[in-house]
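Right, one structure below, let's go through it.
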Amino acid sequence: MKKHSLLWIALLITGGVQAQSGSEKPGAEIIYGFRYNGKDVPEGNVKLIIQGNKASYQPIDVAAQKERQFLDNKGKATYQMITNKEGELLTFKKAFSNYDQPELLPGIDTVLGYPCKKAKVKVRSNNIEIWYTDALPLKGTPVLGFAPGLGLILRTLRNGTSEYIATKVDLRNIKDEELKWPASMGSMVDDATYLRQVIENRFNTLHIFNQEQISWGNKFNDPADEQENVTYHYAGGTVILKKVKLPKTTDVTLFAEVAEYSNGDSYDRTGSVFMIPLDKKSSFLNGLKKGVKELPVYHEKYRGVVATDNYLPTMELMRFFTPFGINYYNEKVKIKGYEWADSAVYRQDITELLPRLQGEVWLGIYIGNYDKGGHKVSLRLKYYPADNDQKGTKDEHWVMPVFNTTNLMEMADQEYGTMFGKDSLTVTVNIPEGLKNLRLRYTTTGHGGWGGGDEFNRKLNEIFVDGNRVYHFIPWRTDCGNFRLSNPATANFNNGLASSDLSRSNWCPGGVTEPITIPLPDLTPGEHTFKVKIPLGEREGNSFSAWNVSGCLIAEK
Numbered sequence: 005m006k007k008h009s010l011l012w013i014a015l016l017i018t019g020g021v022q023a024q025s026g027s028e029k030p031g032a033e034i035i036y037g038f039r040y041n042g043k044d045v046p047e048g049n050v051k052l053i054i055q056g057n058k059a060s061y062q063p064i065d066v067a068a069q070k071e072r073q074f075l076d077n078k079g080k081a082t083y084q085m086i087t088n089k090e091g092e093l094l095t096f097k098k099a100f101s102n103y104d105q106p107e108l109l110p111g112i113d114t115v116l117g118y119p120c121k122k123a124k125v126k127v128r129s130n131n132i133e134i135w136y137t138d139a140l141p142l143k144g145t146p147v148l149g150f151a152p153g154l155g156l157i158l159r160t161l162r163n164g165t166s167e168y169i170a171t172k173v174d175l176r177n178i179k180d181e182e183l184k185w186p187a188s189m190g191s192m193v194d195d196a197t198y199l200r201q202v203i204e205n206r207f208n209t210l211h212i213f214n215q216e217q218i219s220w221g222n223k224f225n226d227p228a229d230e231q232e233n234v235t236y237h238y239a240g241g242t243v244i245l246k247k248v249k250l251p252k253t254t255d256v257t258l259f260a261e262v263a264e265y266s267n268g269d270s271y272d273r274t275g276s277v278f279m280i281p282l283d284k285k286s287s288f289l290n291g292l293k294k295g296v297k298e299l300p301v302y303h304e305k306y307r308g309v310v311a312t313d314n315y316l317p318t319m320e321l322m323r324f325f326t327p328f329g330i331n332y333y334n335e336k337v338k339i340k341g342y343e344w345a346d347s348a349v350y351r352q353d354i355t356e357l358l359p360r361l362q363g364e365v366w367l368g369i370y371i372g373n374y375d376k377g378g379h380k381v382s383l384r385l386k387y388y389p390a391d392n393d394q395k396g397t398k399d400e401h402w403v404m405p406v407f408n409t410t411n412l413m414e415m416a417d418q419e420y421g422t423m424f425g426k427d428s429l430t431v432t433v434n435i436p437e438g439l440k441n442l443r444l445r446y447t448t449t450g451h452g453g454w455g456g457g458d459e460f461n462r463k464l465n466e467i468f469v470d471g472n473r474v475y476h477f478i479p480w481r482t483d484c485g486n487f488r489l490s491n492p493a494t495a496n497f498n499n500g501l502a503s504s505d506l507s508r509s510n511w512c513p514g515g516v517t518e519p520i521t522i523p524l525p526d527l528t529p530g531e532h533t534f535k536v537k538i539p540l541g542e543r544e545g546n547s548f549s550a551w552n553v554s555g556c557l558i559a560e561k
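Each residue of the sequence shown is one higher than the last, beginning at 5 in this note's numbering.
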């Protein structure tokens, strides 16, 4: 008989672990340390409580525990439990036989003085090495999905990098309140339902707009004043706006997510999610409420597009482009083998803009269109806890929108971004003291939807600061064919291509335009003049080109 088995029997006889009925039974408390590439990661440590044939997982950081996990060695099943945000307890039960089964290996190693056999198992293409002992009449594993029921697993190694290893095995009586076995299993659900709930519980979602209509030519009975959490319609209904309170938080990763589909409009349209800064005497909100002439003028007719001493332009959070008629035209245009998407979903990481997205803010969405049905949109902000290497976006960081030529008030007489034809876009800003890692977040798309228009022609974008060119590139997208199944109403040409397949000036119907980051490490405090230069295409009859460019300066203090 193995010496560890003899030790277990001796403990039972001498009272070190006394067999009890009711609230106490022989068992163990096992602490597993977590290491990654040989380095300790304390927040990954796990405590496993075993009482007879039952075991429960209890993270060292109890405050971080959202999911509860249990092993039933007698019933040969695992239980995963979570309470959703509505307060409902959900449970997923899985038999040991439904887990990936381990392959036993020759050889004996020692962990904490216990002789351990070896095994390996493959889980989702991950190679898991396992060290387990039969020296104790206990069964458990530090990771629920790694060979439950095999024995008492004291060490696991995933892909040679992620390691759980037992640092303490305390053989003693375990009370019921330590085991924390659930009194109720709640509602039993399948694995797909459960996994969805686990993911949803890991982050917070703030719903800004839900199935709001953006259209042209309808009447909207908006309430008076500037009420919170009320949708306001401007520019004939092509702009929706809402005043909301956002959480004051820093150590998060923030995503903007828009879901959109056609409610009648069949064309690809420019869309923009934006925030209105209010820290100057004048704001874009004045223009929406009182008319475009309330906005400061640039080059005689372009209003509200550049920063001044008394005005900041809108800060663009995300630029997206609607597909041709998604959803509304799905049943009207049928092609065998083409399964049209029911909506377009656009997601973008906007964490670097977080310092201006705190407290009371005005958020809006614009979709340029001329249709009474228009489009339906939803906007969600998703706050994910930041990983250790992502932390550091502090609310004292400096974020300043400096230009935005997207004519959000297109249907209220705001000019298109055609200023590049006669002159560059120029703006002077004051850079304060004490900044580091200064950069320009720059988004650009070219428009003019005919053969000679800038939508379909490569154009050089040049960025100058104080007369010196700091960046230049040709914005161009060649991947628009990836969005074909979101474009039921697109034109189909004689050569077999669809209009939505064609390459464009940094955008695709159904896609998001990614901003680029232009580092400005040599910019000193004080006044600096930024210039954006683009060779605008010539007019052809009633057709003309325009460029939507937005820029935001970001730095750390």
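Glycine included, every Cβ here is placed at the ideal spot set by N, Cα and C.
Contiguous alpha helix (DSSP H) elements confined to the stretch 272-325 occur at 288-294, taking only those with 4 or more residues. Between the alpha carbons of Lys336 and Ser270 lies a distance of about 11 Å. Fewer than three pairs of CB atoms, one per stretch, sit closer than 8 Å, so the stretch 86-98 makes no contact with the stretch 117-132. In the pairwise beta carbon analysis, the stretch 466-483 is classified as touching the stretch 501-521: at least three pairs are separated by under 8 Å. Around the beta carbon of Ala495, fewer than 16 other beta carbons lie within 10 angstroms, which makes this residue exposed. Non-local C-beta neighbours of Tyr265 in its own chain, meaning closer than 8 Å and more than five positions away in sequence, comprise Ile330, Asn331, Tyr332, Asp346, Ser347, Ala348, His379, Lys380, ordered along the chain. Secondary-structure assignment with DSSP links Phe259 through a beta bridge to Asp353, Lys386.
In this structure Pro146 is in contact with Val50, their Cβ atoms being roughly 5 Å apart against a cut-off of 8 Å. In this structure, Leu299 lies near Tyr315, with their beta-carbon atoms less than 9 Å apart.
DSSP places Glu182 in the uninterrupted alpha helix (DSSP H) bounded by 180-183. Two segments are said to touch when three or more pairs of C-beta atoms, one from each, lie closer than 8 Å; by this definition the stretch 524-540 does not touch the stretch 351-362.
Tyr136 and Leu175 have their C-alpha atoms roughly 17 Å apart. The bridge partners DSSP lists for Cys512 come to none. Spatial neighbours of Asn334 in its own chain (CB-CB distance under 6 Å, excluding positions within 5 residues in sequence) are listed in chain order as Trp344, Pro492. By the criterion of a C-beta distance shorter than 7 Å, Asp226 is surrounded in its chain by Tyr236, His237, once the five residues flanking it on both sides are discounted. Beta bridge pairing from DSSP links Trp551 with Gly450. By the Cβ neighbour-count rule, Gln201 is buried, with 16 or more other Cβ atoms within 10 Å of its own. Under the three-state reduction of DSSP, Pro529 is assigned to coil, being neither helix nor strand.
Listed as beta-bridge partners of Ala99 by DSSP are Ala81. Counting C-beta pairs closer than 8 Å gives fewer than three between the stretch 519-529 and the stretch 416-430, which falls short of the contact rule.
Closest option to Glu71, judged by alpha-carbon separation, among Glu204, Ile371, Trp511: Glu204. Rounded to whole angstroms, the separation of the alpha carbons of Glu466 and Val553 is 12 Å.
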